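**Student:** In the working numbering, the protein residues as written are 119 to 384.
The C-beta atom is built at its ideal place from N, Cα and C for all residues, glycine as well.
These numbers were taken from a predicted model, which means no experiment stands behind them.
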Ligand SMILES: C[S@@+](CC[C@H](N)C(=O)[O-])C[C@H]1O[C@@H](n2cnc3c(N)ncnc32)[C@H](O)[C@@H]1O
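Here you go:
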């Protein structure tokens with residue numbers, strides 16, 4: 119009978135993980151991996167399905183990347199913004215090639231890790247909070263399935279329009295995403311549930327799990343090349359190429375979007 123008064127609202131508020139905490143746990147796991155500690159990080163989907171993240175992959179040298187990534191990065195030009203740079207494997211590769219590369223990431227731990235690994239220009243920023251005052255860019259890079267980080271379709275449209283404000287004429291966006299898993303038994307029920315609820319088929323609700331802790335739920339949008347072409351057309355971009363050679367499983371591809379080219383090919 120004794121004890122603190124029960125207030126369900128306060129209890130919930132105390133329990134809700136902070137916004138961004140899933141990616142902060144992800145960053146902590148990457149840092150631990152980089153320090154040589156055992157680290158096992160999982161993303162959990164809101165139907166309970168969990169998948170383990172390959173942390174070592176975020177530190178791989180370009181020679182170990184799937185060929186599609188090297189093909190896509192060869193299409194980068196001019197001044198580059200790496201959006202959601204993580205520990206900076208792509209920024210480091212392009213920096214070594216002499217490009218002027220700026221990395222942004224909402225996680226202060228990821229920014230610190232990228233800096234200590236040698237990325238010269240890294241700032242806290244995100245898809246929702248694009249940097250002002252860093253100038254304009256010829257290429258935007260969104261690798262590691264980052265293209266859909268804005269979340270649902272309206273937020274994705276807003277983000278692509280916002281990007282236009284810091285884009286130089288004829289700017290290019292190189293973005294990795296995945297075709298929603300209609301054909302994969304494991305994913306079919308989830309995609310079907312989305313469609314029945316009137317949600318985009320590739321809208322995933324996820325959270326990170328590390329060391330017994332769960333972060334906040336966030337949305338990640340997967341799109342088909344056709345959906346991406348429409349999104350691009352609506353926001354001042356053109357999907358000019360889809361890079362999807364062997365070495366990328368699960369319907370992964372990299373979309374190449376050019377600004378105002380008038381040459382949509384998809
Ligand atoms: C899957 S990792 C990819 C890292 C890097 N691009 C790569 O391929 O190695 C996703 C990164 O995006 C960052 N991120 C999460 N939410 C973001 C957002 N809203 N805007 C920009 N970056 C975000 C995470 O902190 C994390 O570093």
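Looking at the unbroken alpha helix (DSSP H) that takes in residue 282, where does it start and where does it end?
**Tutor:** Counting along the chain, the alpha helix (DSSP H) containing residue 282 begins and ends at 271-283.
**Student:** Taking just the CA atoms, how far does residue 316 sit from residue 153?
**Tutor:** So the two alpha carbons sit approximately 44 Å from each other.
**Student:** Between residue 142 and the rest of its own chain, which residues show a CB-CB distance below 6 Å, the 5 nearest in sequence each way excluded?
**Tutor:** 225, listed in sequence order.
**Student:** Starting from the N-terminal side, write out each stretch of the beta strand (DSSP E) that is 3 residues or longer and does not extend beyond the segment 309-333.
**Tutor:** Those beta strand (DSSP E) runs which fall completely within the segment 309-333 and span 3+ residues are 321-328.
**Student:** Below 8 Å on the Cβ atoms is my guess for residue 257 versus residue 292; work out the distance and round it to an integer in Å.
**Tutor:** The pair is a contact, with the Cβ atoms about 7 Å apart (cut-off 8 Å).
**Student:** With DSSP run on the structure shown, which of helix, strand or coil describes residue 165?
**Tutor:** DSSP places residue 165 in coil when its eight states are reduced to three.
**Student:** Quick one, which of 137, 159, 135 and 134 has its alpha-carbon nearest residue 145's?
**Tutor:** Measuring from the Cα of residue 145, the nearest candidate turns out to be 159.
**Student:** Any idea what DSSP makes of residue 366, helix, strand or coil?
**Tutor:** Residue 366: coil per DSSP, three-state reduction.
**Student:** For the alpha helix (DSSP H) that contains residue 148, what are its first and last residues?
**Tutor:** Run containing residue 148: 139-152, per the alpha helix (DSSP H) assignment.
**Student:** Taking DSSP as the reference, what is the three-state secondary structure of residue 252?
**Tutor:** DSSP places residue 252 in coil when its eight states are reduced to three.
**Student:** Would you say the segment 270-286 touches the segment 320-340, given that touching needs at least three Cβ pairs under 8 Å?
**Tutor:** Output reads yes: the segment 320-340 touches the segment 270-286.
**Student:** Could you give the first and the last residue of the continuous beta strand (DSSP E) run that contains residue 223?
**Tutor:** Taken as a continuous stretch (DSSP letters only), the beta strand (DSSP E) holding residue 223 covers 219-223.
**Student:** Within 7 Å: the Cβ of residue 278 and any heavy atom of ligand 1?
**Tutor:** Checking every heavy atom of ligand 1 against the Cβ of residue 278, none is found closer than 7 Å.
**Student:** Can you tell me whether residue 195 is helix, strand or coil according to DSSP?
**Tutor:** In the structure shown, residue 195 sits in coil (DSSP, three-state: anything other than H, G, I, E or B).
**Student:** If I measure Cβ to Cβ from residue 360 and keep anything under 7 Å in the same chain, skipping five residues before and after, which residues do I get?
**Tutor:** The answer, listed in chain order, is 343, 371, 373 and 384.
**Student:** Starting from residue 240 and walking both ways along the beta strand (DSSP E), at which residues does that stretch end?
**Tutor:** Note, residue 240: beta strand (DSSP E), 240-242.
**Student:** Taking the alpha-carbon positions, what's the residue 116 to residue 241 distance?
**Tutor:** This structure gives no information on residue 116, because the portion of the chain shown stretches from 119 to 384.
**Student:** Closer than 6 Å by C-beta to residue 332: which residues in its own chain qualify, once you throw out the five before and the five after it? Chain order, please.
**Tutor:** Closer than 6 Å at the Cβ level, and outside the excluded window around residue 332, lie 325.
**Student:** Does the Cβ of residue 376 have 16 or more other Cβ atoms within 10 Å, making it buried, or fewer, making it exposed?
**Tutor:** Classification for residue 376: buried.
**Student:** Under a Cβ-count criterion, where at least 16 other Cβ atoms within 10 Å of its own Cβ denotes burial, should residue 290 be classed as buried or exposed?
**Tutor:** With 16 or more Cβ atoms within 10 Å of its Cβ, residue 290 is classed as buried.
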